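**Q** Residue numbers (UniProt numbering): 1 to 257. Just so it is clear, CB atoms sit at the ideal spot from N, CA and C, and this is done for glycine as well. Note that the structure is predicted; figures quoted are calculated from it, not measured. One structure is given below, represented as structure tokens, and several questions about it will come after.
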Ligand SMILES: NC(=O)C1=CN([C@@H]2O[C@H](COP(=O)(O)OP(=O)(O)OC[C@H]3O[C@@H](n4cnc5c(N)ncnc54)[C@H](O)[C@@H]3O)[C@@H](O)[C@H]2O)C=CC1
Ligand SMILES: CCC(=O)/C=C/C=C\C[C@@H](O)/C=C/C=C/C=C\[C@@H](O)CCCC(=O)O
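And the structure:
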């Protein structure tokens, strides 16, 4: 079954630049109304003005939101609803890679993402008189494998993966679909941080090989749109790497029954 994005309203966190910005662009092309949201107010406003010029002023707004702040997240959802009437799609994209400031990284990549998912359920769940909807979380291949140079980042993305799959188990009662996307390296400012954290751990030869296969932000946006539209694979993690055909990641079961 295909979910029709046209006319729906989407929130994308951390979308002033990078992958989030590209996801907003693709959602707008598909006919959604979009809330661009970020801590970076200047860049966020510039991005929004760019989109308004291309897609029309009434279809896109900027709402400043630091996902580590409860009041910001509540304001994000309530202003989005006040502007467009409902929130149908949420892409939890905001994330950083900073091993030194690892507590902040966990707050953004894990705590902020989980709180946003809870607010999505509060507003979208049919149990709460919502109309249902779709949530896509940005995990990473770092959520599925080990990584020497950025151990806490890897832990944070394992958490996103585990949380997303666990939400799926109750989706029958909420009618809110959860998926996560697990990209390999993508050519953004954040990938530079990955490079820096791995310089002392991986051989430069391996780093160069990995960097030679960087994905483009467009690849991830395409995958996110695919997940939103594909109603039949809820709860699954979607692997996006340049090494194999993009596909759902199948985790082996650990239960003997
Ligand atoms: N670039 C890569 O190689 C990969 C990135 N990812 C994930 O994709 C997501 C987006 O990353 P990129 O676009 O590469 O990074 P980016 O650094 O280009 O963009 C991240 C955006 O998040 C915003 N942000 C940071 N802290 C925030 C906060 N507290 N609240 C709200 N917004 C905040 C930043 O201002 C920025 O606009 C992240 O979750 C990242 O972990 C996953 C796999 C690979
Ligand atoms: C920007 C960060 C991100 O979200 C994506 C990163 C992409 C790759 C993850 C990374 O950290 C890759 C590391 C590669 C390591 C290579 C060799 C081994 O030592 C890995 C062993 C992996 C395992 O056993 O699971």
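Measuring straight from C-alpha to C-alpha, what distance separates residue 145 and residue 225?
**A** Going by the C-alpha atoms only, they are around 24 angstroms apart.
**Q** Within the same chain, show all residues whose beta-carbon is closer than 8 angstroms to that of residue 68, passing over the 5 residues directly before and after it, in chain order.
**A** Taken in chain order, the residues that qualify are 104, 107, 108, 111, 112.
**Q** Alpha carbon to alpha carbon, how far is residue 178 from residue 168?
**A** Each residue's alpha carbon lies about 6 angstroms from the other.
**Q** Are the CB atoms of residue 1 and residue 218 within a distance shorter than 8 angstroms?
**A** Result no, Cβ atoms of residue 218 and residue 1 do not sit closer than 8 angstroms.
**Q** Alpha carbon to alpha carbon, how far is residue 13 from residue 135?
**A** Rounded to the nearest angstrom, the two C-alpha atoms are 12 angstroms apart.
**Q** Does the beta-carbon of residue 194, which I'm using as the reference point, lie nearer than 7 angstroms to any heavy atom of ligand 2?
**A** Because some heavy atom of ligand 2 lies under 7 angstroms away, the Cβ of residue 194 counts as near it: yes.
**Q** Determine the closest residue to residue 75 out of 59, 43, 38, 42, with distance taken between C-alpha atoms.
**A** Looking at the Cα atoms, 38 is the closest of the given residues.
**Q** Could you tell me the distance, in whole angstroms, from the CA atom of residue 175 to the CA atom of residue 28?
**A** Their Cα atoms are separated by approximately 24 angstroms.
**Q** Does residue 183 pass the burial test, meaning 16 or more other C-beta atoms within 10 Å, or should it be called exposed?
**A** It is buried - the Cβ of residue 183 has at least 16 other Cβ atoms within 10 Å.
**Q** For residue 201, count the other beta carbons within 10 Å of its own beta carbon; 16 or more makes it buried, fewer makes it exposed. Which is it?
**A** The residue in question, residue 201, is exposed, as its Cβ has fewer than 16 Cβ neighbours within 10 Å.
**Q** In whole angstroms, give me the CA-to-CA distance for residue 247 and residue 240.
**A** One C-alpha to the other measures close to 7 angstroms.
**Q** Let me know if residue 82 comes out buried or exposed under the rule of 16 or more other beta-carbons within 10 Å of its beta-carbon.
**A** So residue 82 counts as exposed.
**Q** Can you check which of these residues, 139, 215, 173, 152, is closest to residue 161 by C-alpha distance?
**A** Minimum Cα distance to residue 161 is reached at 139.
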